[in-house]
Each structure stands twice: as C-alpha cells, then as structure tokens.
Amino acid sequence: MAEHNDIDQVTGTSTTGHQWDGIKELNTPLPRWWVITFYITIVWAFGYWMVYPAWPLLTSHTTGLFGYSTRADVAVELANLEKIRGDKMVKLGAAPLAEIVKDPALLALARASGKTVFGDNCAPCHGSGGAGAKGYPNLNDDEWLWGGSLDQILKTIQFGIRSGHAKSHESAMLAFGKEGVLKKDQVVTVANYVRSLAGLPTAKGYNAAEGGKIFAENCAACHGDVGKGNQELGAPDLTDKIWLYGSDEAMLIETIANGRAGVMPAWVERLDPSTVKALAVYVHSLGGGK
Amino acid sequence: MNKSAPIELQNDDDGPLYVAQKKVYPQSVKGTFRRIKWGLMAFCLGVYYLLPFVRWNRGLGAPDQAVLVDLPNSRFYFFFIELWPQEVYYFTGLLIVAALTLFLMNSVGGRIWCGYLCPQTVWTDLFYAVERWVEGDRRERMRKEAARGTMKLQRFAEITLKHSIWLMIAWWTGGAWVLYFNDAPTLVMQLVTFQAPMLAYIWIAILTATTYVLAGFMREQVCVYMCPWPRIQAALTDEWALNVTYKYDRGEKRTSLKKANELRAAGETAGDCIDCFQCVAVCPTGIDIRDGSQLDCIQCGLCIDACDTVMTKIGRETRLIGYDNDVNIHRRQAGKPPIYRIVRPRTVVYSTLIAGVGAIMLYALMTRSLLDINVLHDRNPVAVRLSDGSIRNAYTVRLLNKRGFDRVIAIDIDGPVNATIHVIGADSVTPDRPMIVLGRDQTTELRVLVTAPAENNREKSIPVRFRVTDIGLGEVTSATDNFVSP
Numbered sequence: 010m011a012e013h014n015d016i017d018q019v020t021g022t023s024t025t026g027h028q029w030d031g032i033k034e035l036n037t038p039l040p041r042w043w044v045i046t047f048y049i050t051i052v053w054a055f056g057y058w059m060v061y062p063a064w065p066l067l068t069s070h071t072t073g074l075f076g077y078s079t080r081a082d083v084a085v086e087l088a089n090l091e092k093i094r095g096d097k098m099v100k101l102g103a104a105p106l107a108e109i110v111k112d113p114a115l116l117a118l119a120r121a122s123g124k125t126v127f128g129d130n131c132a133p134c135h136g137s138g139g140a141g142a143k144g145y146p147n148l149n150d151d152e153w154l155w156g157g158s159l160d161q162i163l164k165t166i167q168f169g170i171r172s173g174h175a176k177s178h179e180s181a182m183l184a185f186g187k188e189g190v191l192k193k194d195q196v197v198t199v200a201n202y203v204r205s206l207a208g209l210p211t212a213k214g215y216n217a218a219e220g221g222k223i224f225a226e227n228c229a230a231c232h233g234d235v236g237k238g239n240q241e242l243g244a245p246d247l248t249d250k251i252w253l254y255g256s257d258e259a260m261l262i263e264t265i266a267n268g269r270a271g272v273m274p275a276w277v278e279r280l281d282p283s284t285v286k287a288l289a290v291y292v293h294s295l296g297g298g299k
Numbered sequence: 043m044n045k046s047a048p049i050e051l052q053n054d055d056d057g058p059l060y061v062a063q064k065k066v067y068p069q070s071v072k073g074t075f076r077r078i079k080w081g082l083m084a085f086c087l088g089v090y091y092l093l094p095f096v097r098w099n100r101g102l103g104a105p106d107q108a109v110l111v112d113l114p115n116s117r118f119y120f121f122f123i124e125l126w127p128q129e130v131y132y133f134t135g136l137l138i139v140a141a142l143t144l145f146l147m148n149s150v151g152g153r154i155w156c157g158y159l160c161p162q163t164v165w166t167d168l169f170y171a172v173e174r175w176v177e178g179d180r181r182e183r184m185r186k187e188a189a190r191g192t193m194k195l196q197r198f199a200e201i202t203l204k205h206s207i208w209l210m211i212a213w214w215t216g217g218a219w220v221l222y223f224n225d226a227p228t229l230v231m232q233l234v235t236f237q238a239p240m241l242a243y244i245w246i247a248i249l250t251a252t253t254y255v256l257a258g259f260m261r262e263q264v265c266v267y268m269c270p271w272p273r274i275q276a277a278l279t280d281e282w283a284l285n286v287t288y289k290y291d292r293g294e295k296r297t298s299l300k301k302a303n304e305l306r307a308a309g310e311t312a313g314d315c316i317d318c319f320q321c322v323a324v325c326p327t328g329i330d331i332r333d334g335s336q337l338d339c340i341q342c343g344l345c346i347d348a349c350d351t352v353m354t355k356i357g358r359e360t361r362l363i364g365y366d367n368d369v370n371i372h373r374r375q376a377g378k379p380p381i382y383r384i385v386r387p388r389t390v391v392y393s394t395l396i397a398g399v400g401a402i403m404l405y406a407l408m409t410r411s412l413l414d415i416n417v418l419h420d421r422n423p424v425a426v427r428l429s430d431g432s433i434r435n436a437y438t439v440r441l442l443n444k445r446g447f448d449r450v451i452a453i454d455i456d457g458p459v460n461a462t463i464h465v466i467g468a469d470s471v472t473p474d475r476p477m478i479v480l481g482r483d484q485t486t487e488l489r490v491l492v493t494a495p496a497e498n499n500r501e502k503s504i505p506v507r508f509r510v511t512d513i514g515l516g517e518v519t520s521a522t523d524n525f526v527s528p
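Protein chains in written order, with the numbering used here: chain Z, 10 to 299; chain Y, 43 to 528.
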C-alpha cells in the first residue's frame, strides 16, 4: 500500500492510495456544491417528516404538523364540484321530464350527465353508443319492449326487467318446446308463421293455416292477434324489422323452443333520482324516444 | 509495492473552452443614431406599457380592451379582430410575415431589428441609461468597479439605487405583461389592493426576474451566446446589404492627428482614422467595428455617432463609420463612385412574399365566416334500422356563432332521398324545420337525427349536406358528411 495523499504525477490529483497491478485510483471528490446540496436535502427530509404525514404507526400514521392530507384535498375539490353543480342538479331533479327536454340548458346537462352514467353502468350490455347486441336492445331505434316515452323509459331504468325488484317489469316468453307445450314440428311451423307476419320468406311446404292456429292458441295472448306485440307485457312487435334475437328460422325455433327471459337490473337504489332522470333523458335523446 | 513508471503526456491544454465575461462599460454618445434609438425606445416602451389601457367598444358583454388575450374564454381580441382558438393560424401567418420582414430588413439595412427594436436591446439600453445616470459615465464606472474592495458608503448607496431602479423597471415590465391577459384597469386595482389572482403575481415575478437578469447582467451575452439570429443573419446578408461598416479604404492607415497632418503636408497619404478608440468605448457589446462585420455587432449605429463627433471635432469628413458595404469600399478603392442597390432579386422576393402572405391573411380575415358548422357522424352505432325498415343516422353538430349577438338559425339537409331531419330538443317548437337559437360568441352542440327510407337509399354511403341559414341575416354555411346504411 502506498501512503495516503500520494500525488499522481500526471494529473496532480491525489490518489486514494489503493493500487491494483500498478494502477492507482485518483481521488476525485464530489463537487462541494453537490455535497452541500445533498446534506441540505437530508436536513430537508427531517423537516418533511414533521410537516407532512410520513411514518406508519400500528393502526394509523403520523399526521404531520398541519394535518395535511391529499384525501382531504380531494374532498374539498369534490365539495367545490358539488357546489358548482348543486343548483343545476337540484333543478334537474325537481323539473318534470317533459320540461327538461324543452329547456336547452337542462337538456344539455341531462345529456352530458346521462352520457357519463350510461358509460359507467349501461354500456357493458347496451354498448357505448346504446347500439345493443343480441338479446340487449338497441336504444337508438324506435322499438321499445316496455315503452319508449320518457316516463316509460324512466320506469324501466328505475325498476328494471325481471330484476327481482317489487316494481320490476315481469313477463315470460315460455319455453314452448322444452316444456312440451308444442311438438318439434309445431315449433317449426309457428316459427315460419312468425316470419310470414314480418313479411319474411317461409320454408317450402310449410302449413300456413296450421301455423296461424298454433299462433292464435299459444302466442296471441301476449303478442296480439296479428303479432303487433304488447308493451304492457314486454311482448315485442313481430311484424316489424327489428329482432332482438334474430329473425332467421333457426333462431326463431330456438326462441320458441327454449323461451327468452332477458334481465335488466333495477337502478333506483344504485343511482340517485336526478341521475336516473338524466339517464332517462339521455336514452330518450339517443333517437328512439317517443 | 510496484510503482508504475510515470507516463509522458503531452500538454494539449489550449486554455479553457470559454472566455470569462469581459465587462463592457459603454460610454454615452450623442448623434443621429442615438436620437433615433431614444425615439424608438420611447415608442416601443410606450406601446408596450400603454397598449393594455386602450379601450375598444365591442358591445355589451364583450371585453372593451383593445388588445386582450382572454385565456379563460379562449378568445384573442385585437381592436376590431376577435379570434377563436381554431383560428390561431392567423398567428402562423403573422409569424411568417414577421420572419420575412426580418429577412427584408437584413438584406436592406443589416441588423435593424437587433440594433433598434429587439426587446433585449431596448431594455438593455434603458438599463445602461439608468446605470450611467446613477454611477456616471464609462471612465467613472470603470474606476469605481476597480476600487471595489474599498467600498464606501456612497458607493454602496449608488449600487443600491441602481438595482432598485432596475428592479422597478423590471417589475413594471412584468406588470405590463399580465395586463394583456386581463382587463387592465381592473387588474391594476386588484394588484394595488393585493386582490389579484396568484397567477398574476407569479408571472410578474417571473418577468421581473428575466428582465432584471437579461437587461441588467447578461446584456450583450444574450446577443452573442444565446440568440440564434446573429448566426442566421450571416446567411441572409449579401455584398449589397448596408451594414454598419468601418470604411477602411478611408481610415487606413490609422495615424495620429499630428502625424497625419505632417504626412499630408509632405504629400504622402494618411488614413482618416486617428485610432481614438471612441467607437470601441461606446459599443454596447464591447467590440471594435474596425475589425469588420462580426457576429457580436448588433449594428446599433452608436459607433457612427461616436466617430462622427470626433471627425467633426478634427474637421474631417464624417461617416468614416457608416452604413455601407464591401462593394462600395472596393469601388472607391478603384476610384469609382459608390452605388446603392436596394432593389435586388433578394429584396424583391422578400417583399413579394410579404405582400403575398399579407394579402392571403387579409383575404382570410375579411372573408372569415362568422357562422360555422362542424359535423361528426355517430360512430356507434353508425346506422340504425327502424321498425318500419327506414334508416337513421345520428350526428353531433357543433355550431359556432362568432357574432356578438344571439341569432336564430334553421338547419336543412340535402342528400338522401325523402330524408327528414330531427334535432333533439328543438322539435317541440318547430317540428317541420328545426330552428335553434345560438347564443352570442359561443358554440352550440346539437344531436341531429337524419332518417330516410331504405328503399330510396340503397347505396352504402350517401353524401349528406347540412345547410345552416341565419333566419335574420341570411348568412349560410354548410358541412358535408355521409349517410350510411347498415
């Protein structure tokens, strides 16, 4: 080992005194300003510990001198937001639905608010634009199983369909085939009859009179004598161009044989009244509202 | 312990890679260019400080400040012009014109911008004036600076006074800046009563700091090291551009007054430059113009004034230093009369471009629509089939009313056969032809449904034009989108 403070000949800098195979390490200390800054940050950290929440305790944490909390900041921000929105949302909650759609400001608020809520709660089934999917109605069109007026939409959103809520829409499309009400060939016949109601082509050799008879005995009670449907029972119109599950023969046979019982949850207890109202106005404004 | 043999290294040290600042003590000077500079300084600072207080009536509800950047409401007001955020391309045009004007200035008269108009020059000049007023002229300042170690109370008071005035000017600079972003009289009251928004104080502090540092301390170093313009302008100048030039054909050989007189009496030649170094003493960037055109020279013309003063005093022709170029120096050396050529391909091209861009901007400004429409087709669902088989498309329509009053508009559509239009929220008032009230100076967003029978519109996509008509003024604007079948 060389003695300390050995000065390197070439650079004039002192070395650390260590030597490896004749190679010495220059002792180039960190710049003083850097070191001082580093010490200041350490001192600063002590201050930080005291001023801000820093140390976890067994069940809580140190709160710091001024009791600063980001959670409290968020609460303040939210309270401010509530204050800004407050009047308007109260107004929205108080106004009748028919008034909301006539007032441009309220309509805009309801649509904006409804759109967000729709995205959070409805989009998983009905799609982000309310376009629906097989079994989930398209909310942009003009066919409504349970009615498309503002009040009817509001009721459906509030209490749902087969949701288990006391005020829920209730009805059932029976599984005519599975439960033995209709035989297999009868199901095929009535499926073709339903297609004929909508003006769709039917299978060769299908017995129209037999189909009409089966329909009158089994289906007309809910869907009406000519298949125009009944919104009181959520029975769809079978004569139009909109089919929730599809209109081809195989799909109709499956529907008639196994029944359908789509479920929509009740939202009345999950969303506040003005939000549900905003949602109803939004869905109505998608285009299909009556 | 095996000591290594010392390695022989050649000393390549060429000195440090940067030069320590050589402090400049510009001497006061009188003359034509100094007067021009005072005038332009008064004008530039006057405009900067007073413009926010100029009023411009825009009618009820609109701000009455002539020049205002209204950030919260996203509006820019400039006298009779009101710009919306989507019209920032006017600023692009303005910047293009500004750049081309710099080029033109440069090809005509050198760094006119640097020498007379640049904020860095104007504020530095102002700060130098303050420094001279408090501490005295060049020699005095140099002497006081040299005696720094033995600071007397009076010197301390001087320095304090100087920095106080500097900070005051800097503070006013920052203070005027924020006035462009708020109603000036209101903000001034708020600032005086400490009621102004925090942001105003922060910006004043920032601009106070930058002004103080840039004009008080960094000065010519900004021009020499920070600014890209000196580098660019070297590429823009040519042999015809008039630059502040030492006419060496006349000045060389530099000879003292007495010696020159002796030489001339003996029939020999002697230059007009008497090597008095006045041009160097007054230079705000501390250079010697006699070294020729150089990056550090901001071409403020003060050396011209200094030299003219000396030449007048010794009874020689003035403008030994003046706006000139190499072509004329060579011509004079060859015994030919100097020629000046302002109209050259370069200046013609710049002028034409300025006129062209200016005309385009003016045309765009005159014909800009005060009623605009933007249409966005619904993406999900793209098209909806209704129970009777007809097709419906939904659109988000945004209408822009750039006028200062409310107006009623009607929307019509052309395109799909037998199509009907339906605006959410507007049907109850006017079911046949949707009419909407557009609030003044704002945008209105509408959900518009277009429905058409499928049998008349078999194509996958049909162009649909939304026509907006102002019922009162008859102004019409339109936008086109597509009507899509599922």
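Positions of the beta carbon are idealized from the N, C-alpha and C atoms, including for glycine.
As assigned by DSSP and simplified to three states, the class of residue i
| i | result |
| --- | --- |
| residue 28(Z) | strand |
| residue 45(Y) | A caution first: residue 45(Y) carries a pLDDT of 48, below 50, which makes its placement in the model unreliable, though a value can still be read off. The answer is coil: DSSP assigns residue 45(Y) none of H, G, I, E or B. |
| residue 137(Z) | coil |
| residue 159(Y) | helix |
| residue 521(Y) | strand |
| residue 145(Z) | strand |
| residue 298(Z) | coil |
| residue 305(Y) | helix |
| residue 234(Z) | coil |
| residue 239(Z) | strand |
| residue 115(Z) | helix |
| residue 279(Z) | coil |
| residue 34(Z) | strand |
| residue 248(Z) | coil |
| residue 326(Y) | coil |
| residue 356(Y) | coil |
| residue 269(Z) | strand |
| residue 487(Y) | strand |
| residue 66(Y) | coil |
| residue 11(Z) | Note that residue 11(Z) has pLDDT 43, beneath the 50 cutoff, so the model's placement of it is unreliable and the number below is only indicative. The answer is coil: DSSP assigns residue 11(Z) none of H, G, I, E or B. |
| residue 176(Y) | helix |
| residue 197(Y) | helix |
Host alpha helix (DSSP H) of residue i (start-end)
| i | result |
| --- | --- |
| residue 59(Z) | 41-60 |
| residue 301(Z) | Look at the range of chain Z in this structure, 10 to 299, and you will see that residue 301(Z) is not part of it. |
| residue 75(Y) | 74-92 |
| residue 163(Z) | 159-168 |
| residue 90(Z) | 79-103 |
| residue 378(Y) | No alpha helix (DSSP H) holds residue 378(Y); DSSP gives it neither H nor E. |
| residue 331(Y) | Where residue 331(Y) is concerned, there is no enclosing alpha helix (DSSP H), given that its DSSP letter is neither H nor E. |
Element boundaries [beta strand (DSSP E), containing residue i]
| i | result |
| --- | --- |
| residue 5(Z) | Past the edges of chain Z, shown from 10 to 299, lies residue 5(Z), and the structure says nothing about it. |
| residue 505(Y) | 503-512 |
| residue 437(Y) | 433-443 |
| residue 465(Y) | 462-465 |
Residue i - partner residues in DSSP beta bridges
| i | result |
| --- | --- |
| residue 449(Y) | 480(Y) |
| residue 107(Y) | 97(Y) |
| residue 339(Z) | Residue 339(Z) falls outside the range modelled here, since chain Z spans only 10 to 299, and no answer is possible. |
| residue 364(Y) | 287(Y) |
| residue 178(Z) | 170(Z) |
| residue 537(Y) | Residue 537(Y) lies beyond the range of chain Y shown here (43 to 528); nothing can be said about it. |
| residue 455(Y) | 508(Y) |
Contact with chain C by residue i, beta-carbon distance below 8 angstroms
| i | result |
| --- | --- |
| residue 49(Z) | Of the protein chains in this structure, namely Z and Y, none is chain C. |
Going along the chain, which unbroken runs of the beta strand (DSSP E) with 3 or more residues stay wholly within the region 213-299 of chain Y?
Qualifying beta strand (DSSP E) stretches, in chain order: 285-288.
Any alpha helix (DSSP H) of 4 or more consecutive residues that is wholly inside the region 383-422 of chain Y:
Note on the region 383-422 of chain Y: whole alpha helix (DSSP H) runs with a minimum of 4 residues are 387-408, in chain order.
Taking 8 angstroms as the cut-off, does the region 184-200 of chain Y touch the region 98-110 of chain Y (at least 3 CB pairs, one atom from each stretch)?
Between the region 98-110 of chain Y and the region 184-200 of chain Y there are fewer than three C-beta pairs closer than 8 angstroms, too few to call the two in contact.
Answer yes if the region 67-79 of chain Y comes into contact with the region 318-330 of chain Y, meaning at least three C-beta pairs across the two stretches below 8 angstroms, and no otherwise.
These segments touch.
4 or more residues per run - each alpha helix (DSSP H) lying fully within the region 106-157 of chain Y:
Note on the region 106-157 of chain Y: whole alpha helix (DSSP H) runs with a minimum of 4 residues are 131-151, in chain order.
Is there contact here, the region 229-239 of chain Z with the region 166-175 of chain Z, by at least three beta-carbon pairs under 8 angstroms?
The region 166-175 of chain Z and the region 229-239 of chain Z do not touch, with fewer than three beta-carbon pairs separated by less than 8 angstroms.
If we count Cβ pairs, one from each stretch, closer than 8 angstroms, do we get three or more for the region 334-344 of chain Y versus the region 292-307 of chain Y?
These segments do not touch.
Contact between the region 450-461 of chain Y and the region 137-152 of chain Y: three or more CB pairs below 8 angstroms?
Contact fails: fewer than three Cβ-Cβ distances are below 8 angstroms.
Say whether the region 261-268 of chain Z touches the region 113-128 of chain Z, bearing in mind that this needs 3 or more beta-carbon pairs closer than 8 angstroms, one atom from each stretch.
Contact between the region 261-268 of chain Z and the region 113-128 of chain Z is absent, because fewer than three Cβ pairs lie under 8 angstroms.
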